[in-house]
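Chains as they are written, first to last, in the working numbering: chain A, 1 to 213; chain B, 1001 to 1213.
Positions of the beta carbon are idealized from the N, C-alpha and C atoms, including for glycine.
Written below as structure tokens is the structure these notes are about.
Number of protein chains: 2
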Amino acid sequence: MTMESAAPPRRTRIQQEKRELILEAALEVFSTHGFRGSTIDQIAEAAGMSKPNLLYYFRRKEDIHETLMERLLDTWLAPLRELDDSGDPIAEIRGYIRRKLEMARDYPRESRLFANEILQGAPRIMPMLEGELKTLVDEKAEIIKGWMRAGKIVKTDPWHLIFAIWATTQHYADFDVQVRAVLGPDRSGEGRFEDAARFLENLFIHGLAPHKA
Amino acid sequence: MTMESAAPPRRTRIQQEKRELILEAALEVFSTHGFRGSTIDQIAEAAGMSKPNLLYYFRRKEDIHETLMERLLDTWLAPLRELDDSGDPIAEIRGYIRRKLEMARDYPRESRLFANEILQGAPRIMPMLEGELKTLVDEKAEIIKGWMRAGKIVKTDPWHLIFAIWATTQHYADFDVQVRAVLGPDRSGEGRFEDAARFLENLFIHGLAPHKA
DNA sequence: CAATTTTTTGACCGGTTGGACAAACGTTAG
DNA sequence: CTAACGTTTGTCCAACCGGTCAAAAAATTG
């Protein structure tokens, strides 16, 4: 009885390259059409190969999506993982907002892939949400609670604070076409991320009420 | 040459009822699988009728989606339309957040339908985004700018403010499964909307920095 | 009631889908 | 060179897709 089940798959150079090519193409397709709305043919064409050829590297459509998801989750949670207990609370939160916004700017397809999955009820990543994600969020929420107890930031709900940061930052990736449509051609350039960063920083730190002098 | 093109469609009682039934079922299906991910069979089964029967009331799949979208947009923009120039600025913004959050609570499927459409590049409603929506947002942004000039609220970017309100409120509908997974079974009840309302109100009005006494 | 119109159904169609498969092709090590 | 192995392709398939159609069933009208 050989222990093959956990053995790391041995891959040739070509296999590695082609698999990357396929995943890159699949990210493009899945993120704009969702899982069911995407076809293997579409992905194959985007990757510049035939459908049977693609199926030589990934046996099933779902395998591609699964691999994509597994890779995504690590990078996706990284910004929150960096939230440091021992740092300055305001600076830490500001930094977290900035990092999330940078992710929305630099990896919009990953954001939309994730959004698609959640929108459709997270059928493929539910366990991860209830496990890894919840654990991390609970842990960081506890840190934020500590800051609140210490009077460093206003006492409020840390979980909803994290939701609000997720929502506002990912909005610029997930709802990009709407943002562009509303802002118009002039303000749709790269500068809008600077505007968003400035606005969100102000919003989260100071709110809208006029400051007392 | 008879002028039939703009004539209001004459519908029997059964037609009205069945069309409503289909639209209700289609809302359920489209909002969770997206347009391409949904099948006529699925909608027909959810509506309790056969596929050819459904196609007797809506000739094409796209017609159902289109009808759904047209109805959605009016109710969707209503909360923003209510933003009143002559009201108290802080109260107006607070009211707008509350109304949007109530919509996310009471019409989550409509929110997800809209999110699906935008996520996939808004292929069917782009003209509306650049027309009706942009016009309304620009108009309200001007009102908010007036409040800022008058010193009633902090000077910031009104467009990004509106985006932030959209993002944070719709998050509770669009990412509902994630919110539930993170909050756990205890706090996933109806009370979480009260928590969200309280949090968002505080966030937008006061921010996170400790208030000066 | 009978005539007419509206509604429902089953059978069907061409196109697309995810995937299987064997044969052909390319690469590399002995 | 050649045998073994890795890669690519064309062909094929069964299931599913959106949609048509004629005919049956039901409802409406006179």
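Query raised in the report: chain A beta carbons: is any one of them nearer than 7 angstroms to that of A1025 (chain B)?
Result: no
Query raised in the report: Hey, would you say the C-beta of R1198 (chain B) is under 6 angstroms away from at least one heavy atom of the ligand ADP?
Result: Questions concerning the ligand ADP fall outside what the structure shown contains, since it holds no ligand whatsoever.
Query raised in the report: For a contact meaning CB atoms closer than 8 angstroms, what does D1063 (chain B) contact in chain A?
Result: Within chain A, no residue comes near D1063 (chain B); the closest Cβ sits about 19 angstroms away, beyond 8 angstroms.
Requested in this report: May I ask which residues mark the beginning and end of the alpha helix (DSSP H) holding L80 (chain A)?
Outcome: 61–81
Query raised in the report: Apart from the five residues on each side of it in sequence, which residues of its chain come closer than 8 angstroms, Cβ to Cβ, to L55 (chain A)?
Result: I40
Query raised in the report: If you compare alpha carbons, which of A:R109, A:E17, A:L136, A:R98 is closest to F58 (chain A)?
Result: A:E17
**Report entry** Proximal residues to A1104 (chain B) (C-beta, below 6 angstroms), its chain only, five neighbours per side dropped
**Finding:** S1111, T1169, Q1170, Y1172, A1173
Requested in this report: Answer with yes or no whether the minimum CB distance from L77 (chain A) to chain B is below 7 angstroms.
Outcome: no
Query raised in the report: Given R1109 (chain B), which residues of its chain have a CB within under 6 angstroms of its CB, disregarding the five upstream and five downstream residues?
Result: L1027, S1031
Query raised in the report: Whole alpha helix (DSSP H) runs in the segment 1011–1064 of chain B with 4 or more residues, listed along the chain?
Result: 1013–1037, 1040–1046, 1051–1057
Query raised in the report: To the nearest angstrom, how far is it from the Cα of L73 (chain A) to the Cα of L1183 (chain B)?
Result: 19 angstroms
Query - The alpha helix (DSSP H) enclosing S86 (chain A), as first and last residue numbers - result: Where S86 (chain A) is concerned, there is no enclosing alpha helix (DSSP H), given that its DSSP letter is neither H nor E.
Query - Nearest-angstrom Cβ-Cβ length linking P1079 (chain B) and R1060 (chain B), presumed shorter than 8 angstroms - result: Actually they are not in contact, since the Cβ atoms of P1079 (chain B) and R1060 (chain B) sit about 32 angstroms apart, beyond 8 angstroms.
**Report entry** Cα-Cα separation, M126 (chain A) to Y96 (chain A)
**Finding:** 24 angstroms
Query raised in the report: How about L1113 (chain B) and L1077 (chain B): do their beta carbons lie closer than 7 angstroms?
Result: no
Query raised in the report: Which bits of chain A does M1126 (chain B) rub up against, with CB to CB less than 9 angstroms?
Result: V177, A181
Query - Below-7 angstroms beta-carbon distance, Q1120 (chain B) vs any chain A residue - result: yes
Requested in this report: Quick one: grab the DSSP three-state call for G1151 (chain B).
Outcome: coil
Query raised in the report: In the structure shown, what three-state DSSP assignment does D186 (chain A) receive?
Result: helix
Report task. Compare the beta carbon distance of I22 (chain A) and A47 (chain A) with 7 angstroms and say whether it is the shorter of the two. Result -> yes
Query raised in the report: What's the call for S50 (chain A), buried or exposed, on a 16-neighbour Cβ count within 10 Å?
Result: exposed
Query raised in the report: Should Q1120 (chain B) be labelled buried (16 or more other beta-carbon atoms within 10 Å of its own) or exposed?
Result: buried
Query raised in the report: Shorter than 7 angstroms from the beta carbon of T1039 (chain B) to some beta carbon of chain A?
Result: no
Requested in this report: Using a Cβ cut-off of 7 angstroms, pull out every chain B residue sitting near R112 (chain A), in sequence order please.
Outcome: L1119
Query raised in the report: Where do the ends of the alpha helix (DSSP H) carrying F175 (chain A) lie?
Result: That residue, F175 (chain A), is in no alpha helix (DSSP H); it is neither H nor E in DSSP.
Query raised in the report: With C-beta atoms as the reference, is V1177 (chain B) less than 7 angstroms away from A122 (chain A)?
Result: yes
Query raised in the report: When the Cα atoms are used, what is the spatial distance from R124 (chain A) to T67 (chain A)?
Result: 11 angstroms
Query raised in the report: Are the segment 151–163 of chain A and the segment 1133–1150 of chain B touching by the rule of at least three beta carbon pairs closer than 8 angstroms?
Result: no
Query raised in the report: Counting along the chain, where does the alpha helix (DSSP H) carrying P1123 (chain B) start and finish?
Result: Neither: P1123 (chain B) is in no alpha helix (DSSP H) and is coded neither H nor E.
Query raised in the report: Are the C-beta of V29 (chain A) and some C-beta of chain B separated by less than 7 angstroms?
Result: no
Query raised in the report: Is the CB of L68 (chain A) under 7 angstroms away from at least one CB in chain B?
Result: no
**Report entry** Proximal chain B residues relative to F163 (chain A), where beta-carbon distance stays under 7 angstroms
**Finding:** H1171, V1179
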